[in-house]
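**Q**
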Amino acid sequence: MRALTIAREFSTARSLIYAPKQFSQQLQQQSKATEETFVPFSQLQQQKKLLESELITILDGCNDLHQIKQVHARILYNGLDQCCYVLTKLIRMLAKFNIPMESYPRLVFDQVRYRNPFLWTALIRGYLLQGSLRESVVLYGSMRKECIDPVSFTFSALFKACSEVLDVSLGRQIHAQTILVGGFTSDLYVGNTLIDMYVKCGCLGCGRKVFDEMPAKDVISWTELIVGYAKGGDMESAAALFDGLPLKDMVAWTAMVTGYAQNAKPGEAIQYFERMQNAGIETDDVTLVGVISACAQLGAVKYANWVCHTAERSGFINNVVVGSALIDMYSKCGSVEDAFRVFEGMKERNVYSYSSMIVGFAMHGQGHEALKLFHEMVETDIRPNRVTFVGVLTACSHMGLVEQGRQLFASMEKCYGVAPAADHYACMVDLLGRAGHLEESLELAQTMPVDPHAGVWGALLGACHIHGNPDIAQIAASHLFELEPDGIGNYIVLSNIYALAGRWDDVSRVRKLMKRKGLKKNPGYSWVEGKNGVIHEFVANDLTHSKSSEIRPVLEDILDRLKARGYQPNLSCVPRDVSDEEKERILMTHSEKLALAFAMLTTSVGCTIRIMKNLRICEDCHLFMCGASQIIEREIVVRDNLRFHHFRDGKCTCGNFW
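Residue numbers (full-length UniProt numbering): 1 to 658.
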């Protein structure tokens, strides 16, 4: 009856053939075999197979539901309404065009009397593609009740669905089914989708066990597990697995490059990319974005230029994703000029490329350029997003542009439909706090409609450090101690604020709290790029570098020349109860000063010195760098954990506002 229902829906086969002429002719060719009579059975079977294959081919070429219905009519016309081979393809095509499984496809399925596992799998897969995991599992149960054995595609489809919804419990049950049914332990496709399911659900141990027990593996098996280890932060296991991979393709190499980059190991990421290049493996945009991220973390201009040239040679320089990543990389390497050069050379720009450039200008203290680019952007059809507003608000904060910041914040939702999130409130708290509006900044943090995160209170605490307000600092710190109980930086900043205010009892209390919690201060360190791209790292108060004997005289010479010009070390930057002489000694061995002296010894006269630092640059080092840039007549660029400082001719681009 259901077959007749479908036939009625399409009227007669002859009336349904009103597709384009070429398409109709292809369909009509299928009926030729049936018009002949008195042929041997073997020949009929051969003609039937040919007809089925041709119908499959035509189904593959269908571009819409109307054409699929015409082919279905021809299937009915030729008596193939019970042919699982053809109907499996029909259901897969209906799923491809997102036809609800409960309607047309289910009607086709239900009218078949003897369904094979491929037809069952096609419907199960269709439900899964439409997000109906529960219905597909029920269907699998019905399949087993009818004593139909599943095929590898049945299990792989179910495992993929479990990985998408992260349902490892159901995945384990289906895994048990593969063992119960038997015959799938050596199936490579099932094994790979099973590993993928366990990895995506965070069960690396189970994934590794499946991998170890697989009798045969391909590069996909290895790569899935490598990616899993990389995402879990276990690069040691990822590297061991990678080294054992017999044939390493682009995907496997990319997994290692991006894995190291995502786990804050930029040096290793660059090394693997070099090895990949030396092995003659082709790169794609994903590989390039991974190594570009590593270069951005490292802040090494030589590597940045090398990767940029690689992108140009491989033809990805015009890829908007790669271009946006290059903008971010050059900005973080201290060369905002190169970042803007990449931006201007892009043939296609989107919100990400604009946002990357705006953020780049902001972190380099070029607030007016950031605002100019923002206004240029909104005049196009490109609408700003949340990252864009973080960039422009940061630019206003770093330049002290309070009124412009207020206006932009007010326009976010009203003009652009972007609801302010906690990050945007953090920018406003920072903007107001840095400008000295501490009470207003505190009120905003306390009344904002979304829960303030650590960034909001951290911005307020930093503003209190700038303006020396221990009372509001205590309020901000109390929230930070709840949100980040092990964030030692918050305790140190509060202790320093108390020390600057001469509240030594409070300093002692905070330090006892740190000791009771077992918190230890992260040492300040800086790094600078030497010859041949080698990175040299310097730790505060550490004079064990191979060139320390040469570094000390250089620092002493700069200090003497600065003092002759009126420089006095800012001893308040050493919040310790020690002699002034000891404080001065400690200041002279701050990591960025050691890096500066090393760069002066190892780089060409006149070239820019670029220093990266893990902590905020202190007031004394900032003053020192200003004077040093004038004495040595070179630009000094320092990237701390907040922004970039460009020191030229005794001044900094931040205008002493950081």
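For each residue, glycine too, the CB sits at the ideal point set by N, CA and C.
Starting from the N-terminal side, write out each stretch of the alpha helix (DSSP H) that is 4 residues or longer and does not extend beyond the region 514–590.
**A** Listed in chain order, they are 548–564 and 580–588.
**Q** Classify residue 66 as helix, strand or coil using the three-state DSSP reduction.
**A** The sequence position of residue 66 within the sequence shown is 66, counting from 1. Looking at residue 66 - three-state DSSP - the assignment turns out to be helix.
**Q** For chain B, find out if any of its Cβ atoms is closer than 8 angstroms to the Cβ of residue 574; answer yes or no.
**A** Note that chain B does not occur in the displayed structure, where there is just one protein chain.
**Q** May I have the straight-line CA-CA distance separating residue 433 from residue 402, to the nearest angstrom?
**A** Against the sequence shown, residue 433 aligns to sequence position 433. Against the sequence shown, residue 402 aligns to sequence position 402. Their Cα atoms are separated by approximately 10 angstroms.
**Q** Per the DSSP calculation, residue 611 is bridged to which residue(s)?
**A** If you number the sequence shown from 1, residue 611 lands on position 611. DSSP lists 528 and 638 as partners of residue 611.
**Q** Going by C-alpha distance, which of 241, 237 and 235 is nearest residue 222?
**A** Residue mapping note: residue 222 aligns to position 222 of the sequence shown, counting from 1. Considering only alpha carbons, the answer is 241.
**Q** Ignore the nearest five residues each way along the sequence and tell me which others in residue 149's own chain have a CB closer than 8 angstroms to its CB.
**A** Counting from one through the sequence shown, the residue named residue 149 turns up at place 149. Only 117 and 181 meet the Cβ criterion.
**Q** Which same chain residues end up closer than 7 angstroms to residue 2 when comparing Cβ atoms and leaving out the 5 residues on each side of it in sequence?
**A** Numbered from its first residue, the sequence shown carries residue 2 at position 2. Because the pLDDT at residue 2 is just 44, under 50, the model does not fix this residue reliably, and the value given afterwards should be weighed accordingly. Here the set comprises 107, 110 and 111.
**Q** Answer yes if the region 608–626 comes into contact with the region 637–654, meaning at least three C-beta pairs across the two stretches below 8 angstroms, and no otherwise.
**A** Result yes; three or more Cβ-Cβ pairs closer than 8 angstroms.
**Q** Might you give, ordered along the chain, the residues of its own chain that have their beta carbon closer than 7 angstroms to the beta carbon of residue 593, omitting 5 neighbours on each side?
**A** In the sequence shown, the residue the question calls residue 593 occupies position 593. For residue 593, where only same-chain residues beyond five positions count, the Cβ hits under 7 angstroms are 555, 621 and 624.
**Q** In the DSSP assignment, the beta strand (DSSP E) including residue 645 goes from what residue to what residue?
**A** As a position in the sequence shown, residue 645 is number 645, starting the count at 1. Residue 645 -> beta strand (DSSP E) spans 644–648.
**Q** State the DSSP-derived secondary structure class of residue 396, mapped to helix, strand or coil.
**A** Position 396 of the sequence shown, counted from the first residue, corresponds to residue 396. Note: residue 396 maps to helix in three-state DSSP.
**Q** Run through DSSP, which three-state label would residue 203 get?
**A** For the purposes of this step, residue 203 is taken as residue 203 along the sequence shown, with counting starting at 1. Coil.
**Q** From 374, 417 and 368, pick the residue whose C-alpha is nearest to that of residue 356; which is it?
**A** Within the sequence shown, numbered from 1, the residue matching residue 356 stands at position 356. Among 374, 417 and 368, the Cα nearest to that of residue 356 is on 374.
**Q** Check whether the region 583–602 and the region 441–450 are in contact - that is, three or more C-beta pairs closer than 8 angstroms.
**A** Judged by Cβ distances under 8 angstroms, the region 583–602 makes no contact with the region 441–450, as fewer than three pairs qualify.
**Q** Once DSSP output is grouped into helix, strand and coil, what is the label at residue 427?
**A** For the purposes of this step, residue 427 is taken as residue 427 along the sequence shown, with counting starting at 1. Here residue 427 sits in helix by DSSP.
**Q** Could you give the distance in angstroms between the alpha-carbon of residue 518 and the alpha-carbon of residue 183?
**A** For the purposes of this step, residue 518 is taken as residue 518 along the sequence shown, with counting starting at 1. For the purposes of this step, residue 183 is taken as residue 183 along the sequence shown, with counting starting at 1. Going from the Cα of residue 518 to the Cα of residue 183 covers about 55 angstroms.
**Q** With a cut-off of 8 angstroms on the beta carbons, I'd call residue 530 and residue 602 a contact; round off their distance for me.
**A** Numbered from 1 along the sequence shown, position 530 holds the residue referred to as residue 530. Numbered from 1 along the sequence shown, position 602 holds the residue referred to as residue 602. Confirmed, Cβ separation roughly 5 angstroms.
**Q** Using the C-alpha atoms, what's the distance from residue 236 back to residue 483?
**A** Stepping through the sequence shown from its first residue, residue 483 is reached at position 483. Stepping through the sequence shown from its first residue, residue 236 is reached at position 236. Their backbone Cα atoms lie some 31 angstroms apart in a straight line.
**Q** Given that a residue counts as buried once 16 or more other Cβ atoms are within 10 Å of its Cβ, and exposed if not, what is residue 353?
**A** Start at 1 with the first residue of the sequence shown, and residue 353 comes out as number 353. Looking at its Cβ environment, which holds 16 or more other Cβ atoms inside 10 Å, residue 353 is buried.
**Q** From residue 548 to residue 408, what distance separates their C-alpha atoms?
**A** Locating residue 548 in the sequence shown gives position 548, counting from the first residue. Locating residue 408 in the sequence shown gives position 408, counting from the first residue. Those two C-alpha atoms are separated by around 49 angstroms.
**Q** Are the beta-carbon atoms of residue 93 and residue 68 separated by less than 8 angstroms?
**A** As a working note, residue 93 is residue 93 in the sequence shown. As a working note, residue 68 is residue 68 in the sequence shown. Yes.
**Q** Could you tell me which of 439, 509, 507 and 500 sits nearest to residue 476, measuring between CA atoms?
**A** Counted from its first residue, the sequence shown places residue 476 at position 476. For residue 476, the nearest C-alpha among the options comes from 439.
**Q** Measuring straight from C-alpha to C-alpha, what distance separates residue 513 and residue 195?
**A** Indexing the sequence shown from 1 puts residue 513 at position 513. Indexing the sequence shown from 1 puts residue 195 at position 195. Their Cα atoms are separated by approximately 46 angstroms.
**Q** May I have the straight-line CA-CA distance separating residue 315 from residue 588, to the nearest angstrom?
**A** As a working mapping, residue 315 is identified with position 315 in the sequence shown. As a working mapping, residue 588 is identified with position 588 in the sequence shown. About 48 angstroms.
**Q** Please check the pair residue 460 and residue 431, which I expect to be a contact at CB under 8 angstroms, by giving their CB distance rounded to whole angstroms.
**A** For this step, residue 460 is matched to residue 460 along the sequence shown. For this step, residue 431 is matched to residue 431 along the sequence shown. The pair is not a contact, with the Cβ atoms about 11 angstroms apart (cut-off 8 angstroms).
**Q** What residues in its chain sit with their C-beta under 7 angstroms from that of residue 56, if we drop five residues either side in the sequence?
**A** Mapped onto the sequence shown, residue 56 falls at position 56. Cβ within range, chain order: 86 and 89.
**Q** Please report the straight-line C-alpha distance between residue 189 and residue 170, rounded to a whole angstrom.
**A** Along the sequence shown, read from residue 1 onward, the residue named residue 189 stands at position 189. Along the sequence shown, read from residue 1 onward, the residue named residue 170 stands at position 170. Whole-angstrom Cα-Cα distance: 19 angstroms.
**Q** Which runs of the alpha helix (DSSP H) fall wholly inside the region 421–486 and span at least 4 residues, in chain order?
**A** 422–434, 438–447, 454–467 and 470–483, all fully within the region 421–486.
**Q** Find out if the Cβ-Cβ distance for the pair residue 123, residue 101 is shorter than 8 angstroms.
**A** Locating residue 123 in the sequence shown gives position 123, where the first residue counts as 1. Locating residue 101 in the sequence shown gives position 101, where the first residue counts as 1. Their beta carbons are under 8 angstroms apart, which means residue 123 touches residue 101 by this criterion.
**Q** Going by the beta-carbon positions, is the gap between residue 295 and residue 329 smaller than 8 angstroms?
**A** Reading the sequence shown from its first residue, position 295 is the one you call residue 295. Reading the sequence shown from its first residue, position 329 is the one you call residue 329. The answer is yes: Cβ separation under 8 angstroms.
**Q** Grouping DSSP H, G and I as helix and E and B as strand, with all else coil, what is residue 651?
**A** Mapped onto the sequence shown, residue 651 falls at position 651. The answer is strand: DSSP assigns residue 651 an E or B state.
**Q** Starting from the C-beta of residue 288, find all residues in its chain whose C-beta is less than 6 angstroms away, skip the five residues before and the five after it, and write them out in chain order.
**A** Along the sequence shown, read from residue 1 onward, the residue named residue 288 stands at position 288. Result list for residue 288: 311, 316 and 322, in chain order.
**Q** Look at residue 571 and residue 583 and say whether their C-beta atoms are less than 8 angstroms apart.
**A** Here residue 571 refers to the residue found at position 571 of the sequence shown. Here residue 583 refers to the residue found at position 583 of the sequence shown. Yes. Within cutoff.
**Q** Could you pull the start and end residues of the alpha helix (DSSP H) that residue 659 belongs to?
**A** The requested residue 659 is not part of the displayed model; the chain covers only 1 to 658.
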